[in-house]
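A.B. asks: So for the sequence shown, our numbering puts the first residue at 537; every next one is plus one. Just so you know, even glycine gets a beta-carbon here, dropped at the ideal spot from N, CA and C. Values in this document were obtained by computation on a predicted structure and should not be read as measured data.
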Amino acid sequence: MSRCKKLVMLSMLFALWSGSVDFLAASELIPVPTQASEAADLELNLLVQQFILSQDEAQSESLLKEVLGNKGLTVPKVEALLREGKLYPPTSSTGSLHKDIQVAGYNMSYALYVPKDYDSKKAYPLIVCLHGAGFVGDSYIDRWQPRLGDDVILVCPTIGNGAWWSPEGEALVMKTLDTILTQYHINTEKIFLTGMSNGGIGVYLIGMFHAQRFAAISPMASGIPEEVFPFLKNFSSTGIYIIHGANDQVMPVRLSQEVTAYLKKEKIPFIYREHGKEHPQAGGHFFPREELPALVEWFNAQRRITDPAQLTFVADQVHRAPYYWVEINETEGRIADVQKSILTNEEVELVKAGAFASLKAEISENVVKVTTDRINRFTLFFNNRLIDFSKPVRVMANGKKVFEGRFTQSPEFLLQEAKRRSDEITFYSASVVIDLNKKQ
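1) DSSP on Glu564, reduced to helix/strand/coil?
2) Looking at the C-beta of Ser958, does it have a partner C-beta in chain D at a distance below 9 Å?
3) Could you pull out every unbroken beta strand (DSSP E) segment of at least 3 residues lying fully inside the region 600-640, listed in chain order?
4) Between Leu950, Ser629, Ser773 and Tyr642, which has its C-alpha nearest Pro703's C-alpha?
5) Quick one: is Gln502 buried, meaning 16 or more other Cβ sit within 10 Å of its Cβ, or exposed?
6) Cβ of Trp700 within 9 Å of Cβ of Val709?
7) Does the contact criterion of 3 or more C-beta pairs under 8 Å hold for the region 869-878 versus the region 815-828?
8) Determine the DSSP secondary structure at Leu847, reduced to helix, strand or coil.
9) For Ala707, does the three-state DSSP call read helix, strand or coil?
10) State the Cα-Cα distance for the pair Arg825 and Phe767, rounded to the nearest angstrom.
11) Out of Pro858, Ala893, Gln875 and Ile689, which one is the CA nearest neighbour of Phe917?
12) Tell me the DSSP secondary structure of Asp686 in three-state form.
13) Can you have a look at Asn902 and say buried or exposed, based on whether 16 or more other CB atoms are within 10 angstroms of its CB?
14) Going by the beta-carbon positions, is the gap between Leu533 and Ile663 smaller than 9 Å?
15) Check for me: the beta strand (DSSP E) holding Val904 runs from which residue to which?
16) Using the Cβ count rule (16 or more neighbours within 10 Å means buried), how would you classify Lys803?
17) Identify the continuous alpha helix (DSSP H) that holds Lys955 and give its terminal residues.
18) State buried or exposed for Asp784, treating a residue as buried only when at least 16 other CB atoms are found within 10 Å of its CB.
19) Please state if the CB of Asp686 and the CB of Asp655 are separated by a distance shorter than 9 Å.
20) Keeping to the same chain, check which residues put their C-beta closer than 6 Å to that of Phe671; ignore five residues upstream and five downstream.
21) Using CA atoms only, rank isn't needed, just tell me which of Ser573, Gly621 and Tyr624 is closest to Gly608.
22) Name the two residues that bound the continuous alpha helix (DSSP H) containing Leu972.
23) Buried or exposed: where does Arg673 fall if 16 or more other Cβ atoms within 10 Å of its Cβ makes it buried?
24) Excluding five sequence neighbours on each side, which residues of the same chain lie with their C-beta closer than 7 Å to the C-beta of Arg957?
25) Is Phe771 helix, strand or coil when you go by DSSP?
26) For Val969, count neighbouring C-beta atoms within 10 Å of its own C-beta (all shown protein chains included) and say buried if the count is 16 or more, exposed if not.
27) With burial defined as no fewer than 16 other Cβ atoms inside 10 Å of the residue's Cβ, what is the status of Lys769: buried or exposed?
28) Can you give me the start and stop residues for the alpha helix (DSSP H) that Asn881 sits inside?
29) Could you round the C-beta distance between Val603 and Leu589 to whole angstroms and report it? I think they count as a contact, below 8 Å.
30) Beta-carbon separation of Leu972 and Asn934 under 9 Å?
31) Using the Cβ count rule (16 or more neighbours within 10 Å means buried), how would you classify Gly759?
32) Pro858 by DSSP, collapsed to three states: which one?
33) Quick one: Cα of Arg913 to Cα of Glu866, how far?
34) Rank Val650, Arg910, Ser754 and Gly743 by C-alpha distance to the C-alpha of Ser792 and give the top, closest one.
35) Can you tell me whether DSSP reads Ser702 as helix, strand or coil?
36) Compare the Cα-Cα distances from Arg856 to each of Gln719, Leu618 and Phe745 and report the closest residue.
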């Protein structure tokens, strides 16, 4: 590949980021290789990274074809490029920042703090913090950042009245997260979701449908209705640290006590801190600064679990994106829409009736055992950390054998799935769709 073509590809790649990067900066970021093998690896990496970032269907198809045309392309090589070859803008804004963002046609915003000595070669933990009613993300930056120091990147989106339980609130959080991941070097094993009051409610209601994206959550002075407790099972592989004031008159402490009782019953690990302090203006409804050091120390010890051998996934009608190595493709009967239940009595009744889809799965020695409820069809995803590809895999669903056979790892499938998931550390190179209505 010529130097000119490399720079053209880099300029196209950087154009996908916000702002612009000139040719000189791009050439300084990626040294010109001195050997043919290095040039070939650079070309392949640029193609892979551009494929992942591209939002144009025709361009993505062309890039994928070019990647797959490389001789000697293997799953381990592609996985290494996805894990280690991601490029970041060489210069990014630092300090306290206010950013506008378009979400589902709405003009929204988030506040961001980036350490002033930010280095794109270093991976930083990311804390996503959700504000309560009457606050905005910028005020939370001012409250949190001085207590956290310059070792983490902090982002605090803003939504009116702290309505994080709305579809717009969820979309804002997830789009903000994905945007930050393209602009800054984030350690995706250490992404945390926390929030206070209404923000804490959002931590539960957003986190439980995207638990696989976070190393840990920390809801503060909040709670959720008992009817949606089953979704807490989605946190089985995600750290949970709950904080609540014993004298909270806004969000009664019993809300957290009921959540923790359910977590204990379901044997889901958690930490619960109940403090007795009161604030002159807020009473017991606040987050004491004395609680932060222990929380930060706990955050530092958490890492995202990528391929749990056992998992439980509870889904409503809307939230059925891939969850670790499973995906619910088709449900049976009417399934509740949790977010819509805020608006319609019919959906409220479905939520109260527990009309959710659920899937429990465990994998050991190439045997997958699955138990389902209200599910007709689901997909299982595999990598060499979950199965031995040299041996057959047996899938048992609800006590019956539904599949047995070998899988061949596919670089093409790995790339397409990586693009779909926007995940930098968990990759899958094979899958099988199980249709429970199909005669085996």
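C.D. replies: In short:
1) In this prediction, Glu564 scores a pLDDT of 42, lower than 50, which makes its location untrustworthy; the coordinate-derived value is nonetheless stated afterwards. Note: Glu564 maps to helix in three-state DSSP.
2) Protein chains in the displayed structure number just one, and chain D is not present.
3) Taken in chain order, the unbroken stretches of beta strand (DSSP E) that lie wholly in the region 600-640 and span 3 residues or more are 631-639.
4) Tyr642
5) This structure leaves residue 502 out entirely; the chain is present only between 537 and 976.
6) Less than 9 Å divides the Cβ of Trp700 from the Cβ of Val709.
7) no
8) strand
9) Three-state DSSP puts Ala707 in a helix.
10) Those two C-alpha atoms are separated by around 30 Å.
11) Pro858
12) Three-state DSSP puts Asp686 in coil, outside helix and strand.
13) buried
14) As displayed, the chain neither begins before 537 nor continues past 976, which places residue 533 out of reach and without an answer.
15) Val903 to Asp909
16) Residue environment: Lys803 is assigned as exposed (fewer than 16 neighbouring CB atoms within 10 Å of its CB, all protein chains considered).
17) Its alpha helix (DSSP H) spans residues Pro947 to Arg957.
18) When all chains shown are included, Asp784 counts as buried.
19) Not in contact: Asp655 and Asp686 (Cβ atoms no closer than 9 Å).
20) none
21) Ser573
22) Where Leu972 is concerned, there is no enclosing alpha helix (DSSP H), given that its DSSP letter is neither H nor E.
23) It is worth fixing the name first, because residue 673 is Gly in this sequence and not Arg. Counting the other CB atoms within 10 Å of its CB gives Gly673 a total of 16 or more, which places it among the buried residues.
24) Pro858
25) helix
26) exposed
27) buried
28) Unbroken alpha helix (DSSP H) run through Asn881: Asn881 to Lys888.
29) That pair is no contact at about 13 Å.
30) yes
31) buried
32) In the three-state reduction of the DSSP assignment, Pro858 falls in the coil class, being assigned neither a helical nor a strand state.
33) 5 Å
34) Ser754
35) coil
36) Phe745
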